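Peer 1:
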Amino acid sequence: MRRTMRGLVLAGAASTTVLTAGCSTSPELTGMWQSTGLSPMVSFFEDGTCSGLMSVDIGGPMYCSLGESSGGGYVLRIQQGENYATYLLEPDGSDHLDVLSSNGSPAFTLDRL
Numbered sequence: 066m067r068r069t070m071r072g073l074v075l076a077g078a079a080s081t082t083v084l085t086a087g088c089s090t091s092p093e094l095t096g097m098w099q100s101t102g103l104s105p106m107v108s109f110f111e112d113g114t115c116s117g118l119m120s121v122d123i124g125g126p127m128y129c130s131l132g133e134s135s136g137g138g139y140v141l142r143i144q145q146g147e148n149y150a151t152y153l154l155e156p157d158g159s160d161h162l163d164v165l166s167s168n169g170s171p172a173f174t175l176d177r178l
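The sequence shown begins at 66 in our numbering and counts up by one.
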């Protein structure tokens with residue numbers, strides 16, 4: 066399914082930075098993570114790009130941004146071209162993340178390597 070981006074939906078996220086996107090308490094994601102998702106390895110880079118997450122476009126760089134969720138946890142937005150996907154992150158310590166789909170159902174987990 067292709068969705069066209071009509072504006073950022075993350076509060077305080079004026080850029081595609083994965084580190085904090087304006088959130089002083091967000092988890093540090095930069096680095097490599099083992100994933101139970103479609104790709105066994107996910108990487109978050111300091112420049113806001115990421116790899117190994119669900120592709121939302123046919124190509125080009127993938128960007129990730131992180132913001133706080135109104136219900137607790139964090140919102141991870143993955144953008145590729147004009148398309149995007151949104152996930153909810155629930156940290157369990159600093160090295161494990163439960164990743165939920167936007168409707169709250171479990172999608173996959175990430176463990177820091």
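For every residue, glycine included, the Cβ atom is placed at its ideal position computed from N, Cα and C. Everything numeric in this text was worked out from a predicted model, so none of it was measured.
(1) For His161, which residues of its own chain have a beta-carbon under 6 Å away from its beta-carbon, when the five flanking residues on both sides are left out?
(2) May I have the straight-line CA-CA distance separating Gly124 from Asp163, to the nearest angstrom?
(3) In the DSSP assignment, the beta strand (DSSP E) including Val121 goes from what residue to what residue?
(4) Which value, in whole angstroms, describes the spacing of the CA atoms of Leu165 and Gly146?
(5) Between the C-alpha atoms of Leu94 and Tyr149, what's the straight-line distance to the nearest angstrom?
(6) Secondary structure at Glu111, three-state DSSP: helix, strand or coil?
(7) Is Leu153 helix, strand or coil by DSSP?
(8) Apply the 10 Å Cβ neighbour rule to Ser100 and answer buried if 16 or more other Cβ atoms are within range, or exposed otherwise.
Peer 2: In this structure, then:
(1) Cβ neighbours of His161 beyond the five flanking positions: Asp176.
(2) Between Gly124 and Asp163, the C-alpha separation is close to 26 Å.
(3) Neither: Val121 is in no beta strand (DSSP E) and is coded neither H nor E.
(4) When rounded, the distance between both Cα atoms is 23 Å.
(5) Rounded to the nearest whole angstrom, the C-alpha separation of Leu94 and Tyr149 is 19 Å.
(6) For Glu111, the three-state secondary structure derived from DSSP is coil.
(7) Strand.
(8) Buried, since its Cβ has 16 or more Cβ neighbours within 10 Å.
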